[in-house]
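Below is one structure, written out as structure tokens; comments come after it.
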Amino acid sequence: MSGFDEVVDFVVVGSGGGSMCAGLLMRTLGKQVLILEKTALVGGTTARSGGVMWIPNNRFMKRDGIEDSTEKANTYLDALTSKQTDAPGSTLERRRTYVTEAPRMVDFLVSQGVKLNRVTYWPDYYDDLPGGSQDGRTVVAELFNVNELGEWKQKLQPTFIRAPVDLLQPSLEEMMELPALTRSWRVKALVAKLVLRGVLGKITGKYWIAGGGALQGRMLQAAVKAGIEIRTESPVSQLIVENGAVKGVATVKDGRPWRVEARMGVLVNAGGFARNQRMRDQYAPGTSVKWTMATPGDTGEMIEEMMRIGAAIAQMEERVGNQQTHPPGAADGEAKPTAQALTASPHAILVDQSGVRYMNEGGSYMAYCKAMLERNKTVPAVPSWAIFDSQFMAKYWLAGTMPGKAKPQHWYDQGYLKKADTIEALAQQLKMDPAALKTTVERFNGFVAKNKDEDFHRGERAYDRWLGDSLNKPSETLGAINKGPFYAVPIVPGDVGTYGGVVTDEHARVLRGDGSIIPGLYATGVSTASVMGRFYPGAGSSVGPSFVWGYVAAKHAAGVK
1 MSGFDEVVDF VVVGSGGGSM CAGLLMRTLG KQVLILEKTA LVGGTTARSG
51 GVMWIPNNRF MKRDGIEDST EKANTYLDAL TSKQTDAPGS TLERRRTYVT
101 EAPRMVDFLV SQGVKLNRVT YWPDYYDDLP GGSQDGRTVV AELFNVNELG
151 EWKQKLQPTF IRAPVDLLQP SLEEMMELPA LTRSWRVKAL VAKLVLRGVL
201 GKITGKYWIA GGGALQGRML QAAVKAGIEI RTESPVSQLI VENGAVKGVA
251 TVKDGRPWRV EARMGVLVNA GGFARNQRMR DQYAPGTSVK WTMATPGDTG
301 EMIEEMMRIG AAIAQMEERV GNQQTHPPGA ADGEAKPTAQ ALTASPHAIL
351 VDQSGVRYMN EGGSYMAYCK AMLERNKTVP AVPSWAIFDS QFMAKYWLAG
401 TMPGKAKPQH WYDQGYLKKA DTIEALAQQL KMDPAALKTT VERFNGFVAK
451 NKDEDFHRGE RAYDRWLGDS LNKPSETLGA INKGPFYAVP IVPGDVGTYG
501 GVVTDEHARV LRGDGSIIPG LYATGVSTAS VMGRFYPGAG SSVGPSFVWG
551 YVAAKHAAGV K
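When you line the sequence shown up against full-length UniProt numbering, it's residues 1 to 561, in that order.
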């Protein structure tokens, strides 16, 4: 072969979830690894996210005496996904491989010094199905002192998982407890502990980060220590194919074109197309780049490049939903306030633009956003409206603000936050039939009185209850909307990324439309059609597969069983 400027063993395109995991495995075998990141920052959307991985039967569950097994996890995934149609990323063989390899991947990372743990309690999103886990299968990174990265600190993608006060540097699990601050002495004690941690950190030169920042920070630290070369601002423009096989990539180095040969293969982990409105309009119409939490580099060109050389695509309309509410003043690219806890909390519901409730507000965020878009096909529902009362305002956070009625005046002035003394008057502001909204609210209040949501069964799953308020009795998620004034804010079906892409096999090899393999080409993350198909089994069902298939790809490329 000729025309290459550089030769390495394994090239990884993108620096998201599975990239450094694949690289670490290759380095344990003495192989040379090059990670090419097109932006100036490392970590991808994984670094911005909660950094949670859905890992069945993991070592931390076993340590804590939490029941799980390969069989139980397979039963759960089968119950959830086996009846779906047109989801070639979610074959039985791929699901079985995922369940087997996921805990092995975690064991490998721990052996490489990456400190991981489990969240104490985070139910699967369909925990009522056979094989579902109420305790949850989530794995996260332990808090990470980002100052340990030295000069690489400035190249790590900033995380959105942080407290409103910089001095507080909570873990992801601690962060999820903070909304109860004004009503729980236990949480007040936690905040005191966090303040002490922050003060000690300042004194000792430590700055703790959590979530995806901690996960990718630890992965970056391990990668650099292992000798993986990571080049930022190095976009890949072409996969180089010879005799039907991928042999390398065309990129740039020091501002000039650069061709890299990859002796053992190329792994694409370049994200999806959440930031590409043209591709959204083609594959996921009705959605907007303004609603995504994905990094600016999530623009889909590597999916299209793989398509150019014959890769099959599937599940392209699917997204990792993230229901959002957008108060005025938030800049593009900033964190969009999630509305998941908003409408899953007591004293709140979601209605379409006709004033009718149409879903279980406590469900999976992916299912929630899909339901909004589906409803919008017959009744205007984008945006929908969160309806809540003064009890909600007194107890719960709203769009990143602390509990209490004091909200920014420009929220009212610009029409974002609606307020009225009666439900009927609120409906008029929302241009709804007052009788329709009143009927909806009264029907919901009747369910609250019976402690049973007869329409959508909100609160019957452990996950629904976990999303709600553990201090609210008798139901964590049902609470009457009956104390004025009444309020409303708009909700849109946002996302943290797309969920479809090229089709891969059980070894993470990219497949053509006829099912044949494209030699030398592997893919992982949301560059691929998800192994979960059109569902989101639990927290970390995109980050977890990114790591797992990166690990599987490296094993296969290296000939490791």
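Glycine included, every Cβ here is placed at the ideal spot set by N, Cα and C.
Straight-line gap, residue i to residue j (C-alpha atoms, nearest Å)
i: Gly286; j: Ser111; result: 45 Å
i: Ala87; j: Leu167; result: 45 Å
i: Lys555; j: Val191; result: 44 Å
i: Leu220; j: Val140; result: 15 Å
i: Thr524; j: Tyr412; result: 44 Å
i: residue 574; j: Phe273; result: A query on residue 574 cannot be resolved here, the shown segment of the chain reaching from 1 to 561 and no further.
i: Lys407; j: Lys419; result: 11 Å
i: Leu109; j: Gln429; result: 54 Å
i: Asn145; j: Ile203; result: 13 Å
i: Thr498; j: Cys369; result: 12 Å
i: Tyr396; j: Lys253; result: 50 Å
i: Phe388; j: Glu374; result: 23 Å
i: Met432; j: Asp469; result: 29 Å
i: Ala180; j: Leu471; result: 8 Å
i: Glu229; j: Gly213; result: 20 Å
i: Gly18; j: Ala449; result: 48 Å
i: Asn58; j: Thr97; result: 15 Å
i: Val510; j: Tyr487; result: 50 Å
i: residue 565; j: Gly89; result: Summary: the structure shown does not reach residue 565, with the chain confined to residues 1 through 561, and so no result is reported for it.
i: Arg443; j: Leu267; result: 53 Å
i: Met1; j: Val260; result: Confidence at Met1 is low in this model, with a pLDDT of 48, below 50, so the placement of that residue should be treated as unreliable; the coordinate-derived value is given next. Taking the straight line from one Cα to the other gives about 12 Å.
i: Val552; j: Lys377; result: 40 Å
i: Leu178; j: Gly3; result: 57 Å
i: residue 569; j: Tyr207; result: With the chain covering 1 to 561 only, the question about residue 569 has no answer from this structure.
i: Met175; j: Gly248; result: 43 Å
Environment of residue i [buried if 16+ CB atoms lie within 10 Å]
i: Arg275; result: buried
i: Pro328; result: exposed
i: Thr291; result: One detail in the question is off: residue 291 reads as Trp in this sequence, not Thr. With 16 or more Cβ atoms within 10 Å of its Cβ, Trp291 is classed as buried.
i: Val379; result: exposed
i: Gln409; result: exposed
i: Glu93; result: exposed
i: Glu476; result: buried
i: Val12; result: buried
i: Gln323; result: buried
i: Gly255; result: exposed
i: Asp352; result: buried
i: Ser364; result: buried
i: Thr85; result: exposed
CB-CB length for residue i against residue j, believed under 8 Å
i: Gly404; j: Thr45; result: About 33 Å; that fails the 8 Å criterion.
i: Asn147; j: Gly205; result: 6 Å
i: Ser527; j: Asn269; result: 6 Å
i: Val548; j: Ala102; result: 5 Å
i: residue 576; j: Ser237; result: The question about residue 576 has no answer here: the residues shown for the chain are numbered 1 through 561.
i: Ala427; j: Leu437; result: 4 Å
i: Leu24; j: Ala223; result: 6 Å
i: Ile309; j: Ile518; result: 7 Å
Check whether residue i and residue j have beta carbons under 8 Å apart
i: Gly540; j: Val99; result: no
i: Asp124; j: Gly113; result: no
i: Ala386; j: Ala339; result: yes
i: Lys38; j: Gly297; result: yes
i: Ala399; j: Val489; result: yes
i: Asp495; j: Val320; result: yes
i: Leu172; j: Ala226; result: no
i: Ile313; j: Val503; result: yes
i: Thr159; j: Arg48; result: yes
i: Trp54; j: Gly544; result: yes
i: Val362; j: Arg458; result: Residue 362 is actually Gly in this sequence, not Val. Yes; because the gap between Cβ atoms is below 8 Å, this pair is in contact.
i: Ala480; j: His326; result: no
Where residue i sits in the DSSP three-state scheme
i: Asn445; result: helix
i: Tyr83; result: Note that residue 83 is Lys in the sequence shown, not Tyr. Correct three-state label for Lys83: coil.
i: Ile161; result: coil
i: Val114; result: coil
i: Pro88; result: helix
i: Pro519; result: strand
i: Gly525; result: helix
i: Thr60; result: Note that residue 60 is Phe in the sequence shown here, rather than Thr. The answer is helix: DSSP assigns Phe60 an H, G or I state.
i: Thr97; result: helix
i: Asp128; result: coil
i: Glu506; result: coil
i: Pro490; result: strand
i: Thr28; result: helix
i: Asn322; result: strand
i: Glu71; result: helix
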